[in-house]
Amino acid sequence: MTEEDFEPRAYSQTLNESIERMHRARSELNQARLTNGTVPLEAHVRFEETVLTLYYELRPYARQDNRTKSDWEENKLDQLPEICGRLDRSESVKTSGGMIRASSSVSVSHADVDNLLSVSETMDEISHELGFTAAVETETPTNEATMSDLRGLLTERGQYEALENLPEAPEGDE
Numbered sequence: 654m655t656e657e658d659f660e661p662r663a664y665s666q667t668l669n670e671s672i673e674r675m676h677r678a679r680s681e682l683n684q685a686r687l688t689n690g691t692v693p694l695e696a697h698v699r700f701e702e703t704v705l706t707l708y709y710e711l712r713p714y715a716r717q718d719n720r721t722k723s724d725w726e727e728n729k730l731d732q733l734p735e736i737c738g739r740l741d742r743s744e745s746v747k748t749s750g751g752m753i754r755a756s757s758s759v760s761v762s763h764a765d766v767d768n769l770l771s772v773s774e775t776m777d778e779i780s781h782e783l784g785f786t787a788a789v790e791t792e793t794p795t796n797e798a799t800m801s802d803l804r805g806l807l808t809e810r811g812q813y814e815a816l817e818n819l820p821e822a823p824e825g826d827e
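So my numbering is basically just the index in the sequence shown, starting at one, shifted up by 653.
In structure tokens:
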């Protein structure tokens, strides 16, 4: 995919939603860190999951696009799946009184929070460069609605009978 070929498509909504989820999880993580001085495991895992999800959503675009390929490689983002939620297995053998007992355990290692924050900022920059962004809420209009606005709304909703019952608009209200 070349720079000329790339154009965010309609299905980019999934990627934009992933960015938004990561922003929310990062905000919760930072809020917990500032409030408690530590990050609860639940917030850490949720943030790690959203960063990893965004990685998988963004990867097909960012690894191939000339604008972001070098950032992707310099930050070694392809190593992310290996460090997020890594399973560590340990095995031990104990002997006692002529008996041999083997045991094994599995634990989950999570990526360092500061590293995840840095990766999330890099992914923000890359996604922005590619034209993907988190949804931004539109501002609520502060001016008053006009009769023209009401006519447009009724027409849009197909409420033609109500539209016919509206009074005629005075000059300048349209």
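Idealized CB from N, CA, C, for every residue including glycine.
How many Å lie between N719 and L807 at the Cα?
Their Cα atoms are separated by approximately 48 Å.
Is K747 helix, strand or coil when you go by DSSP?
K747: strand per DSSP, three-state reduction.
Return helix, strand or coil for D724, following the three-state DSSP convention.
Reduced to three states, the DSSP call for D724 is helix.
Between V746 and F700, is the Cβ-Cβ spacing less than 9 Å?
No.
Use the C-beta contact count for I779: other C-beta atoms within 10 angstroms, 16 or more gives buried, fewer gives exposed.
Label assigned to I779: buried.
Rounded to whole angstroms, what's the CA-CA distance from L711 to V759? Just pull it up for me.
So the two alpha carbons sit approximately 30 Å from each other.
Could you check the C-alpha separation between R686 and M675 for me, to the nearest Å?
Rounded to whole angstroms, R686 to M675 spans 16 Å at the Cα level.
Which residue from P820, L816, L694 puts its Cα closest to that of H763?
Checking every option, the nearest Cα to that of H763 belongs to L694.
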